[in-house]
Ligand code: PGA
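Numbering (our numbering), first residue to last: 687 to 936.
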């Protein structure tokens, strides 16, 4: 089974109620631009998930950027996958490098979060990626494949899990790996998925993330085993995000 491509926007800690205008602008651009051969997702901050899910036009899924491992309970300030489902989210990003770095999230924790997402019938976008020091030390594949092996639950399937490869040094920096480097890592991830999940391995979407913008999206999305993008900065503006979706229009 061939993966369905996904272009996902990660708004990070950006967006106010007034930002719903950007979601509406995106819906209009999608209508005008014609169908693209990919799913489209916006992950706003928690505060906007319910409003965006209620307002979102068909063709734009709404997701969240993190969740707790538990369904509910005494976890002040946390949000559960059940709450996100209740708010209308259908995807949850887990293990973003900013969470791994800022909140010390381990592979084990990321895996438990992905399991919590699955338990609600939602899709988990599991992020992996090496730091610049790891790349310079020639450890990219080691690090990335280790994260894939240890962050993905045993029950991961192509319909409940998406892998996002995001080199940490490419996030928000305007720097991107060469398409050959992207293809090398994505193909190594694909082989690891095939080895672990058998024939299902071919069905997992593997997104590239890190400084994706309209001007580099076509090239990056054409690399081997790239099945979409996880977009930060350029997802905040509907015109830029739509320009990335263009990579999936004929
Ligand atoms: P960027 O972020 O597109 O701003 O580099 C990507 C991400 O962190 O998901």
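Just so it is clear, CB atoms sit at the ideal spot from N, CA and C, and this is done for glycine as well. Predicted, not measured: the structure shown is a model, and the values here were computed from it.
Between residue 891 and residue 930, the C-beta spacing is not below 7 Å. As DSSP reads the structure, residue 725 sits in a beta bridge with 692. If you ignore the 5 residues before and after residue 798, its C-beta comes within less than 8 Å of the C-beta of 755, all in its own chain and listed in chain order.
With a threshold of 6 Å, the Cβ atom of residue 726 does not count as near the ligand PGA, since no heavy atom of the ligand is closer than that.
When secondary structure is reduced to three states using DSSP, residue 897 falls in the coil class, being assigned neither helix nor strand.
A Cβ-Cβ separation of about 15 Å leaves residue 854 out of contact with residue 834 under the 8 Å criterion.
Rounded to the nearest whole angstrom, the CA to CA distance from residue 697 to residue 796 is 20 Å.
If you draw a straight line from the Cα of residue 778 to the Cα of residue 713, it is about 21 Å long. Relative to the ligand PGA, residue 917 has its C-beta within less than 6 Å of a heavy atom. Where residue 843 is concerned, there is no enclosing beta strand (DSSP E), because DSSP gives it neither an H nor an E.
Fully enclosed beta strand (DSSP E) runs of no fewer than 3 residues occupy 809-814 of the segment 786-839, in order along the chain. Going by DSSP, residue 735 is part of no beta strand (DSSP E) but of the alpha helix (DSSP H) stretching over 732-741. Within 10 angstroms of the beta-carbon of residue 935 lie fewer than 16 other beta-carbons, which makes it exposed. If you draw a straight line from the Cα of residue 715 to the Cα of residue 750, it is about 22 Å long. Each residue's CA atom was taken as its position, placing residue 824 and residue 724 some 33 Å apart. Per DSSP, reduced to three states, the secondary structure at residue 702 is coil, with no helix or strand assignment. Here the distance from the Cβ of residue 815 to the nearest heavy atom of the ligand PGA is not below 6 Å.
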